[in-house]
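So the structure is just underneath, and the comments pick up after that.
4 protein chains.
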Amino acid sequence: MVRNKQVIEKRRIKRADQKGKILRAGEKLFAKKGFYLTTLEEIAGGANLAKGTIYLHFENKKDLFISIVERKLDILLKKIKEGIGEEGSPTEEIKKLTKVHLKFLERNRNFFKILQSLSKEYKREMEKELTERVIKKHTRYLGIIQHLIERAIKKKEMKPLDTRKLAVILIGIVHSLTINWISQGEKDSLSKDHELVWEIFWNGAKQA
Amino acid sequence: MVRNKQVIEKRRIKRADQKGKILRAGEKLFAKKGFYLTTLEEIAGGANLAKGTIYLHFENKKDLFISIVERKLDILLKKIKEGIGEEGSPTEEIKKLTKVHLKFLERNRNFFKILQSLSKEYKREMEKELTERVIKKHTRYLGIIQHLIERAIKKKEMKPLDTRKLAVILIGIVHSLTINWISQGEKDSLSKDHELVWEIFWNGAKQA
Amino acid sequence: MVRNKQVIEKRRIKRADQKGKILRAGEKLFAKKGFYLTTLEEIAGGANLAKGTIYLHFENKKDLFISIVERKLDILLKKIKEGIGEEGSPTEEIKKLTKVHLKFLERNRNFFKILQSLSKEYKREMEKELTERVIKKHTRYLGIIQHLIERAIKKKEMKPLDTRKLAVILIGIVHSLTINWISQGEKDSLSKDHELVWEIFWNGAKQA
Amino acid sequence: MVRNKQVIEKRRIKRADQKGKILRAGEKLFAKKGFYLTTLEEIAGGANLAKGTIYLHFENKKDLFISIVERKLDILLKKIKEGIGEEGSPTEEIKKLTKVHLKFLERNRNFFKILQSLSKEYKREMEKELTERVIKKHTRYLGIIQHLIERAIKKKEMKPLDTRKLAVILIGIVHSLTINWISQGEKDSLSKDHELVWEIFWNGAKQA
DNA sequence: AATGAATGAGTCTTCATTCAT
DNA sequence: GATGAATGAAGACTCATTCAT
Numbered sequence: 000m001v002r003n004k005q006v007i008e009k010r011r012i013k014r015a016d017q018k019g020k021i022l023r024a025g026e027k028l029f030a031k032k033g034f035y036l037t038t039l040e041e042i043a044g045g046a047n048l049a050k051g052t053i054y055l056h057f058e059n060k061k062d063l064f065i066s067i068v069e070r071k072l073d074i075l076l077k078k079i080k081e082g083i084g085e086e087g088s089p090t091e092e093i094k095k096l097t098k099v100h101l102k103f104l105e106r107n108r109n110f111f112k113i114l115q116s117l118s119k120e121y122k123r124e125m126e127k128e129l130t131e132r133v134i135k136k137h138t139r140y141l142g143i144i145q146h147l148i149e150r151a152i153k154k155k156e157m158k159p160l161d162t163r164k165l166a167v168i169l170i171g172i173v174h175s176l177t178i179n180w181i182s183q184g185e186k187d188s189l190s191k192d193h194e195l196v197w198e199i200f201w202n203g204a205k206q207a
Numbered sequence: 000m001v002r003n004k005q006v007i008e009k010r011r012i013k014r015a016d017q018k019g020k021i022l023r024a025g026e027k028l029f030a031k032k033g034f035y036l037t038t039l040e041e042i043a044g045g046a047n048l049a050k051g052t053i054y055l056h057f058e059n060k061k062d063l064f065i066s067i068v069e070r071k072l073d074i075l076l077k078k079i080k081e082g083i084g085e086e087g088s089p090t091e092e093i094k095k096l097t098k099v100h101l102k103f104l105e106r107n108r109n110f111f112k113i114l115q116s117l118s119k120e121y122k123r124e125m126e127k128e129l130t131e132r133v134i135k136k137h138t139r140y141l142g143i144i145q146h147l148i149e150r151a152i153k154k155k156e157m158k159p160l161d162t163r164k165l166a167v168i169l170i171g172i173v174h175s176l177t178i179n180w181i182s183q184g185e186k187d188s189l190s191k192d193h194e195l196v197w198e199i200f201w202n203g204a205k206q207a
Numbered sequence: 000m001v002r003n004k005q006v007i008e009k010r011r012i013k014r015a016d017q018k019g020k021i022l023r024a025g026e027k028l029f030a031k032k033g034f035y036l037t038t039l040e041e042i043a044g045g046a047n048l049a050k051g052t053i054y055l056h057f058e059n060k061k062d063l064f065i066s067i068v069e070r071k072l073d074i075l076l077k078k079i080k081e082g083i084g085e086e087g088s089p090t091e092e093i094k095k096l097t098k099v100h101l102k103f104l105e106r107n108r109n110f111f112k113i114l115q116s117l118s119k120e121y122k123r124e125m126e127k128e129l130t131e132r133v134i135k136k137h138t139r140y141l142g143i144i145q146h147l148i149e150r151a152i153k154k155k156e157m158k159p160l161d162t163r164k165l166a167v168i169l170i171g172i173v174h175s176l177t178i179n180w181i182s183q184g185e186k187d188s189l190s191k192d193h194e195l196v197w198e199i200f201w202n203g204a205k206q207a
Numbered sequence: 000m001v002r003n004k005q006v007i008e009k010r011r012i013k014r015a016d017q018k019g020k021i022l023r024a025g026e027k028l029f030a031k032k033g034f035y036l037t038t039l040e041e042i043a044g045g046a047n048l049a050k051g052t053i054y055l056h057f058e059n060k061k062d063l064f065i066s067i068v069e070r071k072l073d074i075l076l077k078k079i080k081e082g083i084g085e086e087g088s089p090t091e092e093i094k095k096l097t098k099v100h101l102k103f104l105e106r107n108r109n110f111f112k113i114l115q116s117l118s119k120e121y122k123r124e125m126e127k128e129l130t131e132r133v134i135k136k137h138t139r140y141l142g143i144i145q146h147l148i149e150r151a152i153k154k155k156e157m158k159p160l161d162t163r164k165l166a167v168i169l170i171g172i173v174h175s176l177t178i179n180w181i182s183q184g185e186k187d188s189l190s191k192d193h194e195l196v197w198e199i200f201w202n203g204a205k206q207a
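Chains as they are written, first to last, in numbering that gives the first Met the number 0: chain A, 0 to 207; chain B, 0 to 207; chain C, 0 to 207; chain D, 0 to 207.
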């Protein structure tokens with residue numbers, strides 16, 4: 000019986016390994032060539048598995064794609080939540096969050112490339128239910144920032160501007176610098192720019 | 000002979016009409032469904048022409064796509080250039096330019112949606128030569144802003160930060176607000192936000 | 000204009016020819032190997048056309064299959080209707096109809112083989128709407144025979160048995176002989192057996 | 000040693016149980032969805048066994064399918080043989096046999112549905128050797144009826160018609176009524192129709 | 001010049017079968 | 001013996017592109 004348990008455990012681990020391999024191969028390839036130009040055959044090859052095996056873990060190509068995005072967003076969200084607290088000054092929290100975000104993007108450039116390609120296009124194609132999984136998470140992240148900004152405004156640390164738009168702008172700045180960094184060949188450190196982001200955003204939004 | 004000229008002229012106009020129809024149908028459809036999910040059949044239908052006719056004007060699907068983007072960027076660049084001058088205060092020029100850009104995006108949301116989908120994905124797929132046509136124009140636009148920022152810095156109107164990154168940030172803010180506007184259903188006026196963009200960017204970047 | 004008309008007419012004919020080729024190739028192959036083991040590639044090959052061309056004429060494999068069956072049933076029904084009248088003795092009409100049916104099956108053995116394979120299996124798989132097209136026609140044929148039998152009973156030419164079952168039995172006799180004929184290598188004449196069919200059915204069902 | 004025998008016996012029973020489960024699950028599913036649309040996974044599920052286990056009892060999917068049919072035909076043949084004798088009037092024997100056959104079909108409608116789908120299609124696909132197992136049994140059944148008819152003719156109870164064809168017709172009548180019964184929703188009793196079958200066949204074939 | 005019929009390369013997906021555990 | 005994870009062959013279907021008319 001104990002042996003049986005071990006066997007089951009081994010299998011579980013193997014399964015998880017396999018799924019991981021597929022997710023990683025998919026991430027790399029989708030980032031490089033986009034959803035449509037990446038074939039399941041390639042992903043299977045990249046994961047050193049047979050085509051059919053992918054279907055043991057994912058319903059279909061779309062499901063795999065969405066799963067990749069979802070998983071990364073989960074990680075980002077988790078990091079963000081771990082990094083910030085409710086007690087400190089909201090301004091400080093936003094600053095930290097920006098740093099965490101940039102660091103995450105720097106380390107997960109593949110993911111970012113995929114996210115960028117997640118344009119309207121996919122939203123039509125990919126079954127609603129699936130996409131919504133992703134959108135929900137993205138919205139939650141936006142919500143976290145928005146909430147911090149609200150608190151900052153209440154504390155008179157920031158000007159009473161539209162909080163959603165401010166959150167959108169902050170993420171926009173981060174993303175535009177990431178795109179620039181990627182298009183410049185990913186040289187230097189991206190996360191170093193966190194000072195610049197803050198310089199602009201904070202001076203722009205702070206209560207005079 | 001004179002008659003001949005008229006005939007030739009008529010033909011030219013007819014051809015231009017046709018091309019215009021295709022470009023407009025393509026813009027609408029590519030914006031709605033993305034590059035891969037839009038078929039030439041649909042575009043031909045949208046332009047009230049036969050599929051084969053598209054090939055009289057464009058080399059292939061990619062060429063058509065790139066042409067649409069290129070053409071719009073040309074218009075944007077032209078508007079920008081018309082809108083700004085070399086004499087005035089560079090700060091004022093940047094402010095004007097931001098306004099023009101937002102107005103353009105508001106009126107050409109279709110185009111923007113396409114631009115957004117122009118992620119890495121396409122850059123691989125679309126033969127280099129083609130994409131470069133677009134990138135060049137985008138870079139030129141970035142260059143214009145960068146140049147204005149440089150002038151502003153020289154005039155001590157702005158802090159001596161990395162000019163490329165500042166330009167990137169400005170465009171990033173504009174784009175993120177546009178995405179937000181679209182995702183919220185394109186309600187209210189987008190160009191109205193030009194005040195907000197400026198508020199943030201200017202206070203963030205101005206010489207204290 | 001006249002020339003134009005001719006061109007259109009030519010095209011129409013070519014199209015019809017093509018469709019005919021596909022139907023004939025499909026009939027032969029479906030009869031030989033059944034629905035599942037016949038590939039569209041084979042049918043296309045048999046019709047000397049490319050795979051894609053089939054999709055210009057039929058929605059998909061099922062549609063092609065059903066169309067083949069439907070078309071043949073149409074022909075059978077037409078022949079039956081032409082062969083019989085309302086005035087003569089119903090018994091005579093049934094006799095004629097049996098003859099026509101056997102002759103048709105003899106000449107269209109391919110079709111019969113397909114019909115035989117049209118078991119429950121397909122009725123599940125093939126979208127309802129499609130199958131119903133076929134079932135309706137089959138039912139109509141059954142109805143014609145049933146109607147004749149009713150008339151024969153009214154005229155006291157036949158015993159007052161269940162008319163539907165009698166019709167079913169008559170067709171059953173015809174089909175079983177056809178199956179036997181095919182399984183024996185399609186030797187001799189099948190339609191010659193029409194005397195035998197009649198001998199059994201008539202003596203069995205006639206009013207003593 | 001005695002204990003050993005018991006163990007071996009237990010195993011044999013377990014194996015037989017397993018095989019029985021598979022055969023029953025297969026019968027039900029093949030009848031419902033046909034050969035191609037039924038997956039081994041489903042059958043395994045229906046038998047509460049793993050996919051691989053099926054291969055311990057049957058060579059492959061086809062073998063399983065044929066085995067199901069063969070087994071049922073064995074049972075039918077056995078019942079027929081038990082039911083009839085060599086001494087009585089051949090006419091009486093045929094009558095009995097018809098009754099037994101209808102009763103069997105009524106109780107084994109699943110099997111009949113499978114048999115019906117056993118069209119040419121399968122005969123090609125399923126390796127010859129396998130199919131022949133089934134055909135042989137079917138032929139044997141036909142032979143029994145044929146033999147009885149021959150005896151009836153010799154005794155001048157029946158007209159001297161082609162005995163094979165008469166046998167084919169009799170089975171044809173029985174089958175067509177069964178198909179009709181199934182297509183009408185399996186209402187009423189099928190075996191009740193045995194009177195009708197006999198009425199038609201006997202009056203049709205008897206010596207006047 | 002304009003058409004649209006014809007093509008066939010390319011891809012997702014299913015599922016019988018194998019085999020390590 | 002029993003399992004079910006892994007495989008990969010096979011096939012339906014789409015659609016950009018060509019070219020005869």
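C-beta: ideal position from N, C-alpha, C; glycine also.
- By the Cβ-count criterion, residue 89 of chain C is buried, with 16 or more other Cβ atoms from all chains shown falling within 10 Å of its own Cβ.
- Per DSSP, reduced to three states, the secondary structure at residue 205 of chain A is strand.
- Going by beta carbons, residue 67 of chain A and residue 33 of chain A fall outside the 8 Å limit.
- Taking each of B/31, B/205 and B/23 in turn and checking the Cα distance to residue 155 of chain B, the smallest one comes out for B/205.
- Its Cα nearest to that of residue 185 of chain C, the residue C/112 stands out among C/112, C/94, C/5 and C/64.
- Residue contact with chain C for residue 175 of chain D: present (Cβ-Cβ distance below 8 Å to some residue of chain C).
- At a cut-off of 8 Å, the C-beta of residue 59 of chain C has no neighbouring C-beta in chain D.
- Spatial neighbours of residue 84 of chain A in its own chain (CB-CB distance under 8 Å, excluding positions within 5 residues in sequence) are listed in chain order as 92.
- Contact note: residue 200 of chain B reaches chain A through 199 and 203, using a C-beta cutoff of 8 Å and chain order.
- Only 30, 31, 32, 33, 34, 35 and 36 from the region 19 to 40 of chain C bring a Cβ to less than 8 Å from some Cβ of chain D.
- For residue 114 of chain A, the enclosing alpha helix (DSSP H) starts and ends at 108 to 116.
- About 19 Å separates the beta carbon of residue 74 of chain D from that of residue 129 of chain D, a gap too long to meet the 8 Å contact definition.
- Take the alpha-carbon of residue 12 of chain B and the one of residue 100 of chain B: they are about 31 Å apart.
- Between residue 140 of chain C and residue 77 of chain C, the alpha-carbon positions lie close to 10 Å from each other.
- Counted as a single uninterrupted DSSP element, the alpha helix (DSSP H) harbouring residue 179 of chain D occupies residues 162 to 182.
- When DSSP reads this structure, residue 157 of chain D sits in a beta bridge with D/205.
- Using a 10 angstroms sphere on the CB of residue 192 of chain A, the tally of other CB atoms reaches 16 or more, which defines it as buried.
- Only buried fits residue 116 of chain B, as 16 or more other CB atoms lie within 10 angstroms of its CB.
- Nearest in C-alpha terms to residue 148 of chain C, of all of C/136, C/165 and C/135, is C/165.
- Closest option to residue 103 of chain C, judged by alpha-carbon separation, among C/177, C/187 and C/27: C/177.
- Counting only runs that start and end inside the region 12 to 80 of chain A, the alpha helix (DSSP H) elements of at least 4 residues fall at 39 to 45 and 50 to 56.
- Residue B/95 holds the alpha-carbon nearest to the alpha-carbon of residue 81 of chain B among B/70, B/95 and B/69.
- One thing to note: residue 21 of chain B has its Cβ no nearer than 8 Å to the Cβ of residue 72 of chain B.
- Taking every protein chain shown into account, the CB of residue 7 of chain B has fewer than 16 other CB atoms within 10 angstroms, so this residue is exposed.
- Taking the Cα of residue 79 of chain C as reference, the smallest distance to any Cα among C/42, C/30, C/144 and C/61 is reached at C/144.
- Residue 97 of chain B is a Cβ neighbour of residue 173 of chain B, given a cutoff of 8 Å.
- Straight through space, the alpha carbons of residue 207 of chain A and residue 158 of chain A are spaced by roughly 8 Å.
- For residue 160 of chain B, the C-beta contacts it makes with chain A under 8 Å involve 195 and 198, in order along the chain.
- Residue 15 of chain D has its alpha-carbon roughly 15 Å from the corresponding atom of residue 5 of chain D.
- Taking a contact as a CB-CB distance under 8 Å, the pair residue 69 of chain D and residue 132 of chain D counts as one, their CB atoms being some 5 Å apart.
- Taking all protein chains shown into account, residue 55 of chain C has fewer than 16 neighbouring C-beta atoms within 10 Å of its C-beta and is therefore exposed.
- Around the Cβ of residue 47 of chain A, a 10 Å sphere holds fewer than 16 other Cβ atoms; the residue is exposed.
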